[in-house]
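From first to last, the protein sequence lines stand for chains A and B.
Per our numbering, the very first residue in the first sequence carries number 1089; after that it's consecutive.
Per our numbering, the very first residue in the second sequence carries number 799; after that it's consecutive.
Just so you know, even glycine gets a beta-carbon here, dropped at the ideal spot from N, CA and C.
The next block holds one structure in the form of structure tokens; read it before the comments.
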Amino acid sequence: MHKQKQVHSKLYGFEKVFSFTILQTVKSKSFIVSTLIMAAIFLFAIPLTNMMGEGGEMEMDGINQTKIEKVYIATDEAYIRDAIKKDEAKEFKENVEGIYDEVEFAVCEGNMEQLLPFMEEENCAYSLYVDINLELTSGGYVVDVRRTEDSNLGEVDTSEFADRFVSYFDELRRSNTGLTKEQMEFAKLPVSVEGVKLESIEDIDKDEDEGASLMEESSLAFILFIICIMIFTMAGENIATSLITEKSTRVIEYVLVSIKPLALVFGKIMASVVTVVLQVVVFAGCGFASFKMFGGDSGNTGEMMGMLSLDSVGEGLSVPRVILAIVILVAGLATYTTLASLIGSTASKIEQLQETIMIYSMICVVGAYVAMVLLIKNFNPEAVLDMFILGFPLSAPFITPFFIVSGEVSILTGVIILLIQLITLALLALFVAKVFETLILYNGAKLKLKDLIGFARTGKQKGVADEK
Amino acid sequence: MALEVKNLVKKYGDKTVVDNLSFTMDKPGVFALLGTNGAGKTTSIRMMLEMLVKDGGEVLWDGKPLETNCVNVGYLAEERGLYPKYSLMDQLIYFAKLKNVPLHTAKKRIKYWSERLELDEYLYPVVKGKKAPSKRADQLSKGNQQKIQLMAALISDPELIILDEPLSGLDPVNTDLFKGIIKEQIAAGKYLIMSSHQMPTIEEFCEDIVILSRGKSVLQGNLNEIKKAYGRVNLYVKVEGDLDALIEKNEIQVVNKTPNEYQLKVTGQEQADQFLRDIMDSKIPLIRFELREPTLHEIFIEKVGEENE
């Protein structure tokens, strides 16, 4: 007869649940298929982006000749008329990659009204009419580009030409003034007067520091934010689904003969966290491999990396910050998965799965929305709201790690936030430990929060149960 | 080694579903938990296995509180449960691991029970002459799933085995197979607790019983002694004729009557003897005359009926 080892810990056996859950998850078709698809996306993201970029250029080649045949320009500005007449708008044509090579330009003095006779006399189906005049009321030049009612030219032809002509016109004005591009930009800056009371020099520094939001500074923050939402949702849903399935199929009774409910849920939480982390590592590895293999000297990749604005991250990057950020992320993930296990255990039938997962997803969304405030607004370390969002256990895991890595938050603040996260996790785990033994075999109507609090207070089940 | 259940209490709100249940198993054998649906049998088992929090009482194994992660317990639940999409082999090895059974021992035992329960085609399938992975639980019939669960309960070679309705839903062939295994476990000196509605099965295996009604124990003790205490008062008579006049004359209680067959309750041996003499004197052809102890079924109906009145 086999004698059982003498053990008393409530967590005894969690590693067996952990290894079994991990193994079964990794072996499941849904996990293999979803991981392979995502890994393929990460692996081929760069070459696909490059191909799409090249495709875009080919498309440009395909439309390298415009349908516009003639452009009539009317203006009172002599220098514009002279410049265009001088080289037949050669400079304009060169700047737009030969699209308008065949276009004939006709320039006259005056405005659109003076062009009307031309419009009536000539075949205007492929012609545009440009009126450039100074509007004193608006205080600037107005470039008015039009086509006739029976024109064969479309809106795209007209607006594309208008955009390019305005750039050309701007350049023409600049060269006429003899200013450099920077000087021109400076000259164009508006001047306004505000009644400002300067209290101290620090105010000036503060104003200078108030820059763009995190999302504007770095697209990477936004991408990581989205990845966090995916991870937290996936991990939580895995646990809730697993618990409800075990309860509804009654397998849980066989498992609980050998281990305590707390060991069961702890093993599942660990397995879920590790599975998701494993997936993220695979995706990151594929992304890195893709960058190494295909991203070397590609222009598109360079643009992509520029969009991510990794420089803003690099400024504050250090090993302790990275470690702290990862620990906060993992603690947050553990908090969310513990919450998911609690929510999952309140249901006992597979029909309640959707409803249960929706509750968890709602909590995730609330956390993510709160975190998103910091993503889109300018961060102010002295603002109570900003610090609340950074420290609030539901929003912190989504956003705080990036603020720590980017150096926007000090390490001390990061440690305090981590402590808040760990305390929340510990309190939640204690609560779960109190109610889980009751909940795990509960087989009645879906429980509400007040029922859970009641269980935690009394340590036993008060409500109706599946009685035999 | 002894199992002692002392004053077990479970309440849901104001309702007491198990009310001071106590019994002792001081030697190996089978103890039966009987009761109607909702009498508290499964709740009692779950409390014994620490799945439900007790509102009172204690369960002792060898004088110490029974902790399922310290005592090797095998459990076959009333509601069968397997992971539907996982392979059977993985599940059995998992259940064995949870009971600290080394992997090589677990594999040997799985092979043994697979042959014993005729499950080789599901656990060790061969496709086109090659070994294939074991089947998933959802590919098995209910009866075969029940066999797998019996394997899961016995894979750790447990000291204490709890079987909740072990034979429900089984065909006669598999019922005999299960009965054979239960007999083997009894012969191996295991402690078995069995809950069942099938009274003949209980009578076949169990020495001690407790009958629960609405959470309360209404009768408990050694089955033979209980039957002896009732005495031989059940009389079965089959004749070719009408016995109504003789029954009335002897003031015998009729329990049930079908054409030519009577199920009667007498006060004792003397009344039965007198009734037999009267039948012989009346020259009514007698086919069967049997005076015996009540069956467990009859005791159960009587006791639970009394409690519900």
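Could you check if residue i is buried or exposed, using at least 16 other CB atoms within 10 Å of its CB as the buried criterion?
i: ASP1149/A; result: For ASP1149/A, the predicted model reports a pLDDT of 46, less than 50, meaning its position is unreliable and no value from the coordinates is stated.
i: VAL869/B; result: buried
i: GLN758/B; result: Because chain B in this structure spans residues 799 to 1107, residue 758/B falls outside the shown range and cannot be described.
i: PHE829/B; result: buried
i: VAL1361/A; result: buried
i: CYS1004/B; result: buried
i: VAL1281/A; result: Its pLDDT being 45, under 50, VAL1281/A is placed unreliably in this model, and the value from its coordinates should be taken loosely. It is exposed - the Cβ of VAL1281/A has fewer than 16 other Cβ atoms within 10 Å.
i: TYR1457/A; result: exposed
i: GLY1144/A; result: For GLY1144/A, the predicted structure reports a pLDDT of 45, less than 50, and the residue's modelled location is therefore unreliable. A value from the coordinates is still provided. With fewer than 16 Cβ atoms within 10 Å of its Cβ, GLY1144/A is classed as exposed.
i: THR1512/A; result: buried
i: GLU1496/A; result: buried
i: ASN867/B; result: buried
i: THR1065/B; result: exposed
i: ASN1326/A; result: buried
i: LEU1506/A; result: buried
i: GLN1442/A; result: exposed
i: PRO964/B; result: buried
i: ASP1297/A; result: Interpretation of ASP1297/A is limited by its pLDDT of 45, a score under 50 that renders its predicted location unreliable; no figure is taken from the coordinates.
i: SER1035/A; result: Given that chain A is displayed from residue 1089 to residue 1556, the structure contains no residue 1035/A and the question cannot be resolved.
i: LEU1537/A; result: exposed
i: HIS1095/B; result: exposed
i: ARG1086/B; result: exposed
i: LYS790/B; result: There is no way to answer for residue 790/B, as the model of chain B reaches only from 799 to 1107.
i: MET1381/A; result: exposed
Where do the ends of the alpha helix (DSSP H) carrying residue i lie?
i: ILE1340/A; result: 1339 to 1344
i: GLU1059/B; result: Counting along the chain, GLU1059/B falls outside any alpha helix (DSSP H), though it belongs to the beta strand (DSSP E) covering 1059 to 1063.
i: ALA985/B; result: 970 to 985
i: GLY941/B; result: 940 to 952
i: ASN1108/B; result: Because chain B spans 799 through 1107 in this model, residue 1108/B falls outside it and cannot be assessed.
i: THR1154/A; result: Counting along the chain, THR1154/A falls outside any alpha helix (DSSP H), and DSSP gives it neither H nor E.
i: LEU1366/A; result: 1349 to 1382
i: SER1047/B; result: Checking the displayed sequence, the identity of residue 1047/B turns out to be Lys instead of Ser. LYS1047/B -> alpha helix (DSSP H) spans 1042 to 1048.
Nearest CA to the CA of residue i: which residue from the options?
i: PHE1524/A; options: ASN898/B, ILE843/B and VAL851/B; result: VAL851/B
i: ASP1539/A; options: THR1512/A, THR1434/A and ILE1445/A; result: THR1434/A
i: ASN1032/B; options: LYS1063/B, LEU1021/B and ASN1054/B; result: LYS1063/B
i: VAL1503/A; options: ILE1314/A, SER1406/A, GLY1479/A and LEU1099/A; result: GLY1479/A
i: VAL1053/B; options: GLU1100/B, TRP859/B and LEU806/B; result: GLU1100/B
i: LYS906/B; options: ASP955/B, LYS977/B and LYS1047/B; result: ASP955/B
i: ILE835/B; options: ASN1048/B, GLY1013/B and GLU1096/B; result: According to the sequence as given, residue 835/B is Asn; it is not Ile. Of the candidates ASN1048/B, GLY1013/B and GLU1096/B, the one whose C-alpha sits nearest the C-alpha of ASN835/B is GLY1013/B.
i: LYS1335/A; options: ARG844/B, LEU819/B, GLY879/B and MET845/B; result: GLY879/B
i: ASP962/B; options: LEU975/B, ILE946/B, SER993/B and LEU801/B; result: SER993/B
i: GLU1223/A; options: ALA1250/A, THR1163/A and PHE1379/A; result: THR1163/A
i: GLU916/B; options: LEU948/B, SER1015/B and VAL899/B; result: LEU948/B
i: LYS1081/B; options: GLU1038/B, GLU1068/B, LYS839/B and SER912/B; result: GLU1038/B
i: ALA1413/A; options: GLY1324/A, THR1501/A and LEU1352/A; result: THR1501/A
i: GLY833/B; options: LYS808/B, PRO970/B, SER820/B and HIS995/B; result: HIS995/B
i: VAL1230/A; options: PHE1253/A, ASN1240/A and SER1436/A; result: PHE1253/A
i: TYR892/B; options: ASN1466/A, PHE1249/A and SER1346/A; result: SER1346/A
i: LYS1174/A; options: VAL1453/A, CYS1374/A and PHE1193/A; result: PHE1193/A
i: ALA1372/A; options: LEU1131/A, ILE1340/A and LEU1260/A; result: LEU1131/A
i: ILE1323/A; options: THR1109/A, ILE1541/A and ILE1187/A; result: The sequence given here places Ala at residue 1323/A; Ile does not occur at that position. Per the Cα distances, THR1109/A.
i: CYS1316/A; options: PRO1469/A, PHE1490/A, PHE1119/A and ARG1262/A; result: PHE1490/A
i: LEU1421/A; options: LEU1430/A, LEU1482/A and ALA1471/A; result: LEU1482/A
Can you pull the chain C residues whose beta carbon is under 9 angstroms from the beta carbon of residue i, in chain order?
i: ASP888/B; result: The chain inventory of the structure shown lacks chain C, comprising the protein chains A and B.
Where do the N-terminal and C-terminal ends of the beta strand (DSSP E) with residue i fall, by residue?
i: SER1015/B; result: 1014 to 1020
i: GLU1197/A; result: 1192 to 1197
i: GLU1088/B; result: 1084 to 1090
i: ASP888/B; result: Careful: ASP888/B lies outside any beta strand (DSSP E), inside the alpha helix (DSSP H) at 886 to 896.
i: ALA930/B; result: Taken as a continuous stretch (DSSP letters only), ALA930/B belongs to no beta strand (DSSP E), as it is neither H nor E.
i: VAL1189/B; result: Outside the displayed span of chain B (799 to 1107) sits residue 1189/B, for which this structure offers no information.
i: TYR989/B; result: 989 to 993
i: GLU916/B; result: Counting along the chain, GLU916/B falls outside any beta strand (DSSP E), and DSSP gives it neither H nor E.
i: ALA875/B; result: Unbroken run through ALA875/B: none, as it is neither H nor E.
i: MET823/B; result: 813 to 823
Inset, instruction - Check distances from the C-beta atoms of the region 989 to 1015 of chain B to those of chain A and list, in chain order, the residues that come in under 7 angstroms. - result: Listed in sequence order: no entries.
Legend entry - Residues in the region 1335 to 1348 of chain A having any Cβ partner in chain B nearer than 8 angstroms: Only THR1337, ARG1338, VAL1339, ILE1340, GLU1341, TYR1342, VAL1343, LEU1344, VAL1345, SER1346, ILE1347 and LYS1348 from the region 1335 to 1348 of chain A bring a Cβ to less than 8 angstroms from some Cβ of chain B.
Inset, instruction - Output the residue ranges of the alpha helix (DSSP H) runs that lie fully inside the region 1416 to 1467 of chain A and measure 4 residues or longer, sorted by chain position. - result: Fully enclosed alpha helix (DSSP H) runs of 4 or longer: 1441 to 1464.
Legend entry - Near-chain A residues of the region 843 to 871 of chain B (beta-carbon distance less than 9 angstroms), N- to C-terminal order: For chain A, the residues of the region 843 to 871 of chain B that bring a beta carbon within less than 9 angstroms of one of its beta carbons are ILE843, ARG844, LEU847, GLU848, MET849, LEU850, VAL851, LYS852, ASP853, GLU865, THR866, ASN867, CYS868, VAL869, ASN870 and VAL871, in chain order.
Legend entry - Any alpha helix (DSSP H) of 4 or more consecutive residues that is wholly inside the region 1468 to 1502 of chain A: You should have 1472 to 1479 and 1484 to 1493.
Inset, instruction - Return the residues of the region 917 to 939 of chain B that lie within a Cβ-Cβ distance of less than 8 angstroms from chain A, sorted by chain order. - result: Taking 8 angstroms as the Cβ-Cβ cut-off, the region 917 to 939 of chain B has no residue approaching chain A.
Inset, instruction - Identify each residue in the region 898 to 915 of chain B for which the Cβ-Cβ distance to at least one residue of chain A is less than 9 angstroms, and report them in chain order. - result: Interface annotation for the region 898 to 915 of chain B against chain A: ASN898, VAL899 and THR903, criterion Cβ-Cβ distance under 9 angstroms.
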